[in-house]
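Chemist: In our numbering, the protein residues as written are 2 to 384.
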Amino acid sequence: MTKVNLEQGRIRPPSEAYSLLLRMTRNCPWNRCEFCHTYKGERFSLRTVEEVKEDVDAIREIVSELKALSWKQGFGGEITTPLVNHILQNSEHYPEGFRSVALWLHSDGKNVFLQDGDNLILKTSQLVEILNYLKKAFSSIERITTYARGKTVSKKTVEELQEIHRAGLSRIHIGLETGYDPLLQYVKKGVTGQEQIDAGKKVKESGISLSEYVVLGLGGKRMWREHAIGTAMVLNQINPDFIRVRTLKVLKIMPLYQKIEKGEFILLNDDEIVREERLFIENLEGIDSTFVSDHILNLLEEIEGKLPEEKGKMLALIDRYLAIPAEEKINFRLGRRAGFYRTIDDLSNPVLKHQVEEALGRIEKEASGGVERVLSDLMESFI
Ligand code: SF4
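1) Which two residues bound the contiguous alpha helix (DSSP H) that contains Ala-317?
2) Measuring straight from C-alpha to C-alpha, what distance separates Ala-1 and Val-85?
3) Who does Asn-284 pair with in a DSSP beta bridge?
4) So does Tyr-187 have its beta carbon nearer than 7 Å to some heavy atom of the ligand SF4?
5) Alpha carbon to alpha carbon, how far is Arg-144 from Gly-42? Give it in angstroms, no decimals.
6) Could you check the C-alpha separation between Ser-65 and Tyr-40 for me, to the nearest Å?
7) Apply the 10 Å Cβ neighbour rule to Glu-93 and answer buried if 16 or more other Cβ atoms are within range, or exposed otherwise.
8) Which residue spans inside the stretch 326-382 form an unbroken alpha helix (DSSP H) run of at least 4?
9) What's the gap between the Cα of Ser-212 and the Cα of Lys-366?
10) Rounded to whole angstroms, what is the Cα-Cα separation between Ile-244 and Thr-81?
11) Determine the DSSP secondary structure at Glu-161, reduced to helix, strand or coil.
12) Compare the Cα-Cα distances from Ser-155 to each of Lys-253, Ile-175, Gly-169, Ser-171 and report the closest residue.
13) Candidates Glu-329, Arg-363, Ile-364, Ala-368: which alpha carbon is nearest Asn-350's?
14) Anyone know if the C-beta pair for Ile-319 and Leu-301 falls short of 8 Å?
15) Does the beta-carbon of Gly-218, which I'm using as the reference point, lie nearer than 7 Å to any heavy atom of the ligand SF4?
16) Who pairs with Ser-46 in a beta bridge, going by DSSP?
17) Would you say the beta carbon of Arg-44 is closer than 7 Å to some non-hydrogen atom of the ligand SF4?
18) I'd like to confirm something about Arg-33: is its beta-carbon nearer than 7 Å to some heavy atom of the ligand SF4, or not?
19) Flag Thr-193 as yes when its Cβ comes closer than 7 Å to any non-hydrogen atom of the ligand SF4, and as no otherwise.
20) Tell me the DSSP bridge mates of Tyr-148?
21) Out of Ile-230, Leu-353, Arg-247, Gly-194, which one is the CA nearest neighbour of Phe-383?
22) Distance, Cα to Cα, Gly-218 vs Glu-283?
23) If we call anything under 8 Å between Cβ atoms a contact, is Lys-250 one with Glu-35?
24) Just list the residues that DSSP pairs Asn-112 with in beta bridges.
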């Protein structure tokens, strides 16, 4: 059993599922966004360079322990699937940090994600020192990514970002959420569209890859059009490498919930969100970003592609969904959220469709609140 443990943060982007997680800061220095629950009730703090370096040393030790375990179990020092399964199935003997290092090595040991919500808040010299130490410790590393707030990034100079890039940072994930200023204020994002543009442009100029997140449904009934168009206009100026969408789901812990209770914020339904997404994509112009829908909350996961060439394909898929008759649509929505379907084409699979029909029948008979309640609960379970 290992004695080595690591400090780990709470989240990482879906695209970093198998990356090594290295915590640079704790929680979020802003923590006021009304649609975000991730760090509510948690205090922000910086980790010292020494603390992070100690974690890098601990990871090195875990790697040695893993190799020794592999030899002992007859896998010749390789981090094989049976070895990883053994570790995952005996989690009481292997702490979370140990398990995540095992998964990282098994996946190829090339990617690292720096936690938590806003690491660019560290001094440039500190970031550079940690990145250099990390790259020296593991020669296999090819990609290092982090979350950062647009506001924080906008305060760095291009030269500083270039220095950070040279030290090894490959990509920054920024939560744009919306580009529409009144909505940014309404949800207390603490940044303006112009600051997001400045931040995004600086990241691009520095050579660091840029991923911008957008929340589908954030405009609600009152601002959905402005949200779609305003967000596209901001992104058109940034031209990020990736535009990633995730659908709004409001939990009771989020301040936005109070606005819903008061009737001030009215949520969009699935079809309305899809229409909002359509308007958003339609307005993305003059950029060559890759549109990604890799969040489990999204109804139409298949709306993905390279702009501008695949824009027509994405819009056609949305139109295909919108044209589905109402009864089949409810079947698709449940099938998708319950994990039966991944794409609209899956609706043509008679076996899957029948299974979803049966589930729908049971829900209508037994579940209080009906299918909409079940769909909402399913989405809540994804967060
Ligand atoms: S900046 Fe990001 S992590 Fe912080 S509260 Fe807002 S959405 Fe959440």
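Note that CB positions come from ideal geometry on N, CA and C, so glycine has one too.
Modeler: Working from what's here:
1) 312-323
2) With the chain covering 2 to 384 only, the question about residue 1 has no answer from this structure.
3) According to DSSP, Asn-284 bridges with nothing at all.
4) no
5) 32 Å
6) 33 Å
7) exposed
8) 327-338, 351-367, 371-382
9) 44 Å
10) 34 Å
11) helix
12) Ile-175
13) Glu-329
14) yes
15) no
16) Arg-27
17) no
18) yes
19) no
20) His-174
21) Arg-247
22) 16 Å
23) no
24) Arg-144
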